[in-house]
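Single-structure report; data block below.
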Amino acid sequence: MIPAPFAYACPSTIDEALQAVASGGEDVKILAGGQSLIPVMRLRLAAPETVVDLTRVAELRGVREDGDAIVIGAMTTHSDVLADPLIARYAPLIAEATETVADRQVRHRGTFGGALAHADPAGDLPAVALALDAEFVVAGLEGRRTVAASDFFVDYLTTVLQEGELLVEIRVPRREGWGMHYEKFTRVAQAWSIVAVAAAVRMEGSRIAEARIGLTNMGPTPLRASATEAALTGAEATAEVIAAAAQHAAENTSPSSDLNAQADYRHHLAQVLTRRAVTAAAGL
Amino acid sequence: MTQISVRVDGTPYDDDVEPRTLLVHYLREQLGKVGTVVGCDTSNCGACTVHLDGEAVKSCTVFAVQADGCEVTTIEGISPNGTLHPMQKAFHEMHGLQCGFCTPGMIMASIDLVNDNPDPSEDEVREGIEGNLCRCTGYQNIVRAVQQAAGEMHGRSTAGDTLGAQS
Amino acid sequence: MTLVEEPTAAGTAPEKEIGRARRRKEDARLITGRTTWTDNMVLPGMLHLAVVRSPVAHGKITSIDVSAAQQAPGVVAVLTGRDVADEQGSLPCAWPVTPDMVNPGHPSIAVDEVNHVGEAVAVIVARSKVAAQDAVELVDVDYDLLPVVLDMEQAVEPGADLTHDHTSSNTSYHFVFDAGEAGTGGDTEQAFADAEVVVSRRFVQQRLIPAFMEPRSVVVQPQGDNYTLWSSTQIPHILRVMLAMVTGVPEHKLRVIAPDVGGGFGGKITPTPEEVITLLVARRLGKPIKWTETRSESLMTAHHGRDQIQFIDVAADREGNVKGLRVRLLADMGAYLRLITPGIPALGAFMFPGIYKFPAYRFECDGVFTNKVPTDAYRGAGRPEATFAIERIMDELAVELGMDPLEVRRKNWIQAAEFPFTTVAGLQYDSGDYEQATQDALDLFGYAELRAEQQRRRESGDPVQLGIGFSTFTEMCGLAPSRVLGSLSFGAGGWESASIRMLPTGKVEVVTGSTPHGQGHETAWSQLVADSLGVPFEDVEVLHGDTSISSRGLDTYGSRSLVVGGSAVVKAADKVVAKARKIAAHLLEASEDDLEFSGGTFSVRGTPGTGLGIQEIALAVFAAHNYPEGIEPSIDAEATFDPENFSFPHGTHLCAMEVDTDTGLVKIRKYACVDDIGTIVNPLIVEGQVHGGLAQGIAQALYEEAVYDADGNLTTGTFVDYLVPSAADLPHFDTGNTVHTAPGNPIGAKGVGEAGCIASTPAVVNAAIDAVRHLGVSDIRMPLTPERVWRAIHHGGDGGDRASARTNAQAVDSSEGPSTQGGNR
């Protein structure tokens, strides 16, 4: 299939992009890597009036250090994320999850910011961003604002991004020395997550000093396994403790039922995968 | 219509395209590069894989306008006429194809993989080509072919027994 | 074509080619992108066709407004079913399995009523593909919705809603084979009445989608009152006959070409609505027309496969000797009957007894209509269903008896010394040795170590359990003896044709009626001819797939190509040699009886130094200056081969499966198989066919299922949801062969295209169940999704939870199965 016709803008700066979005008419879609948008347009499930392609906005690409954070440009491709030394050092969870996204061709085009702004509940990166307390820098014609990950994801495929706004970069706190693991559960390699768990823990000796756990596909938005995090904080990192804490992983979640899994099975998976993710992150 | 300038398999082209034209349709219908095929509409099968500025992409999930100013390499451009790229040769020698419809994409993805990983293990090959579906071969001989080609592309001697051995 | 061929010394005859792992001739164009897929075709003035499809599964068409589409840019014509009602006829069904089979008729474009989602209701013809697709959205169709029939078991209940409102029930036919009545076995009811042990199960063969990689495509070029049709089809010859009969275009005015075809697996075995429509539109407009489907269209509207509910009972004594077998099937036809839709379960009917010596057997099948896309052939076509049922229930019988599953099989299988063996289904199995194949497979597998590991994991309560599954199978290949097909009411024969043309330079053209779509005919046939004629492999070109070049043929399906088509090639080559012998005798001034033919050369026995090559003879008859009186100056020949029996490949497949009891995820740890497919012409191609078959059989067990929602929409309508496995999802295969040649054809081959697909599915499922049987699991519904496996372990039942689900955890006697015929057991 071929998409329905649309007007195309290909800005080279953020300001041009914002102008293009503002003047694009009623239904504007922002094209990042296009790996989710283009298939949807081909199936004619989306038929935007205007497509604003960010591919050539160079200032949206790349990873840099800024104080206590690393800053990832929204248009940094998954491949670039995987090759980036700052991410490998300070936020390896992002790389680990990114490696599970689709396939190498898709990772060459798909972008970190695009995946976050798309906010698919089965996507891998939103839960990671949530677990790592990332901040989202959003630009509009009126200026910029910064949104915490916990506020960014609003509903199924919906974020706080308003019409006319662009996600420009993501600030991720540097967490050197944390243990991290992304535990993904799928039926086939290429598929979206049925459930996945992103875990980051800071150990102090044999104790878990801090734990952050993000859940993929356990509701319309990514979620934190807060009860599990609380149970782990300050606890001795033993198999029994982790298993007991993981029993709370599905609390306050509302997963959907679909071809791959009913909600009750997703609840169960969240517990098992949380146990595995935390165990791996804690280095047990 | 938007004008684009693109080099495909070493030849420069200036063409007008509709923004909605997919790169694969531009290649097939405007340039006659029918070696690259379309197998699905959801970016799953990988049959349309080409290299865009040296990286494997699914040309059904890239608009032709996005290739403006870029270098595109298809299955028709990886070796001079009358010769074979080591990956093509290995697919032939290892019987890594049957109907051949997935083969151009499979070869392009495999070259990309071996460019990144000069000596992939069996599991690394399997994961490296997870974005390319083949319905005929069961993949085993494709895996073998990619490993053989990796050896040849990076100057290692190739396996002595090139028959898809019954092991 | 010399790009990838291995050079041999010019002019020297090769070593024996049969058995040699020749690299394929086909590859040269396929690996370089120099292909001729139908969609590559561009013709001057060509128009493009797009199909408007029904979004409802069952409804009356109350109005169609095409005016907006007609006005759209680039649109040349819009046609509805009403517009072509007088010329479109009905798509053919060639297999009326019973005399009273109900065929509701199959319009290519729906006229009054739609019966499945995706059915064509109108077509757009436009100057570009884009314009045609854009206009599809402008056609406004109104429907009066009718009840949707989806569940076979409900569909056969009295008073059920109807798939077609002009039929009296949803049952197309009731097919029975009873060995007692046929005289090939004892009284089945008596066998069950006398049995010490009866095990009964209900198995579900889920609906599958062939999912060939090349989407279907059709191009028609009208030339006066002649038409050339290119199609991505397995069956150009059959298609030509059928299109002539359906559309009234005279057969001799229609040329059908199957160029490079990207896989089929049965999925391109039937004439399609789109082929008929494209031809009709080309005839009406007098312009070349192209239609190419999208993947979503393909998954939604190209025929599906499998989809049976199987009730199977086995009777045995306490020692494990089987006494009787009883099978009742509900087979989903979908909404219409395509070329061999009703015959698929009938093909399987004779294979349920498998390799076992059942003294009594009864088979019954109801073909059932539902508002889904029609089913038809998919790799194995009837035989995977049969093999699955028997190989699954042999495991269940072993459990019931407390015996080793291999021991129960061994006790009952046909012994090597008993071939040829006539089975309870009346088939004569040709050759083989099940013991040897099994022993070889066990060795390849490392059986003892895996069993020991299984035991360790059991004892330690490891969350990851290990199981081992067997499938000791046979299948029926080499379709087919024409007389047998006639006795089964099939609408055609099963012969195959070949001809050989000796060119003046000594090169050889082989024309085959068996049309490949990835199998490697060009290579294997070259090997056959190289041996028969003693000419170099490189000197042979194989032509196929064009009815004006290859005028007679019955095409490729049912693992028949080498067995039947290859045999025709060998027979034709024998005729060439016989004709050349007369010329040679004349030129060598010797008696024919004194000539010997070896390595491509005729020589006079006892006279060293004499010799005339068959390639030289080709030039001599071309010049025709000097040849014997009374014969024609040609050594070309053709042959038609009609086998007298099927061939019966067999093998033993072993699967070791890890089951994560925490999540239900299954992972194949090891897979080994030993297949006996008779003579191996090209071991490379054979291995490839086995691998590919295994992938599809494993995919049925683990990944694939066509799922419809309650309204009859296909929810697995893209490759996002219909899970064709990638390289990362499949294991390494360890394969081997034993060789017991087939006595029924000159090559001795049995057929290999379907073996892996037929054998593997039950081995995989048996392995998964073996891993968790101690946790109370006795069945898991295919595909073995992690959720189903987890539910089966933790909640009981078979883990199935979708439409038509009825747990088969409890043994269900087949007599409890619904039947439209009532109490006819």
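Residue numbers (the numbering used here), protein chains in the order written: chain A, 1 to 284; chain B, 1001 to 1167; chain C, 2001 to 2825.
The beta-carbon is built from N, C-alpha and C at its ideal position, and this holds for glycine as well.
The residues 2399, 2467, in chain order, have a CB closer than 8 Å to that of residue 2773 (chain C) in the same chain once the five nearest residues on each side in sequence are set aside. Taking a C-beta distance under 7 Å as the contact criterion, residue 157 (chain A) and residue 119 (chain A) qualify as a contact pair. Residue 2108 (chain C) is positioned such that its CB atom lies no closer than 7 Å to that of residue 2238 (chain C). Under the 8 Å Cβ criterion, the segment 88-97 of chain A does not count as touching the segment 52-63 of chain A, having fewer than three qualifying pairs. The segment 2116-2129 of chain C makes contact with the segment 2046-2066 of chain C; the number of CB pairs closer than 8 Å reaches 3 or more.
Taking a C-beta distance under 7 Å as the contact criterion, residue 223 (chain A) and residue 74 (chain A) do not qualify as a contact pair. Counting C-beta atoms within 10 angstroms of its own C-beta, residue 281 (chain A) has 16 or more neighbours from the protein chains shown and is therefore classed as buried. By the neighbour-count definition (other C-beta atoms within 10 Å, threshold 16), residue 2053 (chain C) is a buried residue. Within the DSSP bridge table, the entry for residue 2541 (chain C) names C:2509 as partners. The segment 18-85 of chain A contains, as complete beta strand (DSSP E) runs of 3+ residues, the segments 28-31, 50-53, 63-66, 69-73 (chain order). Contact between the segment 2134-2151 of chain C and the segment 2718-2735 of chain C is absent, with fewer than three C-beta pairs closer than 8 Å. The Cβ atoms of residue 2635 (chain C) and residue 2502 (chain C) lie closer than 7 Å to each other. For residue 2465 (chain C), the enclosing beta strand (DSSP E) begins and ends at 2464-2474.
Secondary structure of residue 1141 (chain B) (DSSP, three-state): helix.
DSSP places residue 2170 (chain C) in the coil class of the three-state scheme, outside both helix and strand. Straight across, the Cα-Cα distance linking residue 2736 (chain C) with residue 2759 (chain C) is about 14 Å. Separation of residue 154 (chain A) and residue 132 (chain A) (C-alpha to C-alpha, rounded to the nearest whole angstrom) is 18 Å. Secondary structure at residue 266 (chain A): helix, using DSSP grouped into helix, strand and coil. Below the 9 Å Cβ cutoff, chain B contributes 1019, 1020, 1063 as neighbours of residue 51 (chain A), in chain order. Checking the DSSP bridge columns, you'll see residue 2673 (chain C) partnered with C:2653, C:2735. Contact annotation: the segment 2456-2475 of chain C touches the segment 2650-2662 of chain C, with at least three C-beta pairs closer than 8 Å. For the segment 2718-2751 of chain C, the beta-carbon criterion of a distance under 7 Å to any beta-carbon of chain A is satisfied by 2721, 2723, 2725, 2726, 2728, 2729.
Exclusion of the five residues before and after residue 2214 (chain C) leaves 2037, 2232, 2261, 2262, 2263 as the residues of its chain whose Cβ lies within less than 7 Å of its Cβ. Rounded to the nearest whole angstrom, the CA to CA distance from residue 2637 (chain C) to residue 2575 (chain C) is 6 Å.
From the beta-carbon of residue 109 (chain A), no residue of chain C is found nearer than 8 Å; the closest lies around 17 Å away. Look at the beta carbons and you see the segment 2316-2328 of chain C not touching the segment 2440-2449 of chain C: under three pairs across the two are nearer than 8 Å. Between residue 2522 (chain C) and residue 2564 (chain C) a beta carbon distance of about 17 Å is seen, past the 8 Å cut, so the two are scored as non-contacting. Within the same chain, and ignoring the five residues on either side of residue 2327 (chain C) in sequence, the residues whose Cβ sits closer than 6 Å to its Cβ are 2312, 2352, 2363. Among the CB atoms of chain B, one or more fall inside 7 Å of the CB of residue 2214 (chain C). Secondary structure of residue 2053 (chain C) (DSSP, three-state): strand. Residues of the segment 176-192 of chain A whose Cβ lies closer than 8 Å to any Cβ of chain C, in chain order: 185, 187, 188, 189, 190, 191, 192. Contact check for residue 2662 (chain C) against residue 241 (chain A) fails: the beta carbons are separated by 7 Å or more. Residue pairing of residue 207 (chain A) in beta bridges, as defined by DSSP: A:204, A:236. Under DSSP, residue 2362 (chain C) forms a beta bridge with C:2178, C:2326. Proximity of residue 2773 (chain C) to chain B, defined by a Cβ-Cβ separation below 7 Å, is not satisfied. Approximately 5 Å separates the beta-carbon atoms of residue 1065 (chain B) and residue 1002 (chain B); this is inside 8 Å, confirming the contact.
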